[in-house]
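Under this note's numbering, think of the first position of the sequence shown as 195, with each following residue one higher. All C-beta atoms, glycine included, are put in the ideal place defined by N, C-alpha and C. The next block holds one structure in the form of structure tokens; read it before the comments.
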Amino acid sequence: MSASRKLFQAAARSLLSASQRSSPAALLAAEGRTAALATLTNLGRKTLPTAYAYHKQGSHHASSGWGAFAAAVPAAVYMLQDQEAHAAEVNAAELERTFIAIKPDGVQRGLISEIVSRFERKGYKLVAIKLIVPSKEFAQKHYHDLKDRPFFNGLCDFLSSGPVLAMVWEGEGVIKYGRKLIGATDPQKSEPGTIRGDLAIVVVRNIIHGSDGPETAKDEIALWFEPKELVSYTSNAEKWIYGVN
Ligand code: IDP
Ligand code: MG
Numbered sequence: 195m196s197a198s199r200k201l202f203q204a205a206a207r208s209l210l211s212a213s214q215r216s217s218p219a220a221l222l223a224a225e226g227r228t229a230a231l232a233t234l235t236n237l238g239r240k241t242l243p244t245a246y247a248y249h250k251q252g253s254h255h256a257s258s259g260w261g262a263f264a265a266a267v268p269a270a271v272y273m274l275q276d277q278e279a280h281a282a283e284v285n286a287a288e289l290e291r292t293f294i295a296i297k298p299d300g301v302q303r304g305l306i307s308e309i310v311s312r313f314e315r316k317g318y319k320l321v322a323i324k325l326i327v328p329s330k331e332f333a334q335k336h337y338h339d340l341k342d343r344p345f346f347n348g349l350c351d352f353l354s355s356g357p358v359l360a361m362v363w364e365g366e367g368v369i370k371y372g373r374k375l376i377g378a379t380d381p382q383k384s385e386p387g388t389i390r391g392d393l394a395i396v397v398v399r400n401i402i403h404g405s406d407g408p409e410t411a412k413d414e415i416a417l418w419f420e421p422k423e424l425v426s427y428t429s430n431a432e433k434w435i436y437g438v439n
């Protein structure tokens with residue numbers, strides 16, 4: 195990148211961060227048209243066309259006062275906003291999270307990368323991952339809602355028999371759609387194309403667990419992970435995975 199382009203982007207970036215720190219009203223008063231534009235674009239994806247139109251309208255001022263720089267900075271701000279603010283919005287929108295675990299059979303069969311890649315390729319974001327051997331007591335906590343079922347003891351013995359890959363995945367609708375990716379509980383009934391449909395045959399070795407609703411997702415994430423193990427970051431791909439036209 196050329197030095198002038200770097201400088202230009204730095205100027206745009208400082209305006210961008212000023213706009214992110216300030217309230218829209220304060221900004222309109224204190225920093226004028228350019229920063230107000232940045233704030234407008236920051237208010238939400240749906241305001242972008244308005245803000246962009248505002249910028250275009252204002253561009254005839256290029257030859258007066260501010261000169262070319264004043265006209266060009268809003269354009270740079272807009273471009274950065276388009277790339278960066280949307281990613282921030284995606285985070286700020288408190289995307290859903292779900293707990294997914296590859297059970298000991300999936301780990302032993304070498305299916306970690308196959309399963310992780312299905313969630314990754316879909317566009318979901320990995321926010322936590324660890325390989326652990328849960329104790330039987332821990333397995334009983336995890337499956338507490340099944341404690342009256344005849345298979346409960348065997349299920350908890352199995353879950354605690356070896357390494358489990360515990361994960362948290364994030365994305366719009368990830369709880370429900372994660373279950374679709376996984377397929378029906380009994381692999382005999384799972385559709386081809388689903389993880390269990392493609393990779394498992396019997397219910398007691400169905401290789402993967404996924405939270406079945408928002409409440410269980412919250413509880414299971416809290417059971418398996420410390421808050422500090424959940425990593426918040428902006429994925430570079432988000433601006434291409436989500437969008438509004
Ligand atoms: P899910 O894993 O699809 O959410 P659940 O009904 O929550 O299914 O059951 C938890 C786990 O218990 C299943 O993944 C499976 O390993 C086991 N399981 C469920 N139903 C049976 C059964 O009828 N016999 C034996 N094991 C079962
Ligand atoms: Mg379940």
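DSSP on residue i, reduced to helix/strand/coil?
i, result
"residue 263", "Because the pLDDT of residue 263 is 49, which lies under 50, any placement of that residue in the model is unreliable, and the number read from its coordinates should be weighed accordingly. Residue 263 falls in the helix class under three-state DSSP."
"residue 177", "The question about residue 177 has no answer, for the chain in this structure spans 195 to 439."
"residue 428", "coil"
"residue 234", "Legend: pLDDT at residue 234 = 29, less than 50; position of this residue unreliable, no value from coordinates given."
"residue 251", "Reliability of the predicted coordinates at residue 251 is poor, the pLDDT of 38 falling under 50, and the value obtained from them is presented with this limitation in mind. Of the three classes helix, strand and coil, the one that applies to residue 251 here is helix, per DSSP."
Taking the CB atoms as reference points, tell me whether residue i and residue j lie closer together than 8 Å.
i, j, result
"residue 353", "residue 323", "no"
"residue 291", "residue 364", "yes"
"residue 424", "residue 321", "yes"
"residue 306", "residue 294", "no"
"residue 398", "residue 357", "no"
"residue 330", "residue 350", "yes"
"residue 401", "residue 300", "yes"
Terminal residues of the continuous alpha helix (DSSP H) containing residue i?
i, result
"residue 345", "Note, residue 345: premise wrong, no alpha helix (DSSP H); not H, not E."
"residue 408", "408 to 418"
"residue 331", "330 to 336"
State yes or no: is the C-beta of residue i nearer than 7 Å to some heavy atom of the ligand IDP?
i, result
"residue 345", "yes"
"residue 301", "no"
"residue 417", "no"
"residue 379", "yes"
"residue 393", "no"
### Query
Could you give the uninterrupted runs of the beta strand (DSSP E) lying entirely in the region 288 to 321, keeping only those of 3 residues or more?
Taking 3 residues as the shortest admissible run, the region 288 to 321 contains the following complete beta strand (DSSP E) segments, listed from N- to C-terminal end: 291 to 296.
### Task
Within the region 351 to 402, note down every full alpha helix (DSSP H) run reaching 4 residues or more, in order along the chain.
Counting whole runs of 4 or more residues, the region 351 to 402 contains the alpha helix (DSSP H) stretches 368 to 376 and 389 to 393.
### Query
Hey, which residues come within less than 7 Å of the ligand NAD, measuring from Cβ to any heavy atom, in chain order?
The ligand content of the structure shown is limited to the ligand IDP and the ligand MG, which means the ligand NAD is not among them.
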